[in-house]
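Trainee: Position 32 of the sequence shown, counted from 1, bears residue number 35 in this note's numbering, the numbering being contiguous throughout.
Glycine residues also receive a C-beta, built at the ideal position from the N, C-alpha and C atoms.
Before we start, here is the structure in question, set down as structure tokens.
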Amino acid sequence: MMNYEHIRARYNVPARRGARVEFQGQLGTVTSTSSAAVRVRMDGMTRSQPFAPDELHWLDVGLIRPDIPASGSDRLAR
Numbered sequence: 004m005m006n007y008e009h010i011r012a013r014y015n016v017p018a019r020r021g022a023r024v025e026f027q028g029q030l031g032t033v034t035s036t037s038s039a040a041v042r043v044r045m046d047g048m049t050r051s052q053p054f055a056p057d058e059l060h061w062l063d064v065g066l067i068r069p070d071i072p073a074s075g076s077d078r079l080a081r
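Given below as structure tokens:
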């Protein structure tokens with residue numbers, strides 16, 4: 004399984020659990036990783052779905068601090 008650090012390096016995206024993303028006009032929240040994909044729960048849905056990290060528009064890039072280490076407990080800076 005690929006973790007957030009590997010996904011960030013491979014796809015050059017700010018992948019973190021809790022990150023807000025957009026796909027085809029729908030908003031969602033990253034919940035986990037699955038192989039080389041990130042799992043996203045779209046707003047209003049109960050289950051997450053896998054997406055290729057580079058097909059998502061990452062919305063909260065400015066909220067993510069680069070000094071926070073990648074770990075299983077990735078979270079957004081507040």
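DSSP on R11, reduced to helix/strand/coil?
Mentor: If you number the sequence shown from 1, residue 11 lands on position 8. Helix at R11.
Trainee: Quick check on the burial criterion: 16 or more other C-beta atoms within 10 angstroms. Buried or exposed for P53?
Mentor: Taking the first residue of the sequence shown as 1, we reach residue 53 at position 50. P53 is exposed by the Cβ-count criterion.
Trainee: Run through DSSP, which three-state label would P17 get?
Mentor: Along the sequence shown, one-based indexing puts residue 17 at 14. P17 falls in the coil class under three-state DSSP.
Trainee: At which residues does the beta strand (DSSP E) containing G31 begin and terminate?
Mentor: Here residue 31 corresponds to residue number 28 of the sequence shown, with the count starting at 1. Its beta strand (DSSP E) spans residues 29-37.
Trainee: Buried or exposed for R13, please, with buried defined as at least 16 other CB atoms from any protein chain shown within 10 angstroms of its CB.
Mentor: For the purposes of this step, residue 13 is taken as the residue at position 10 of the sequence shown. Answer is exposed; the Cβ neighbour count stays below 16.
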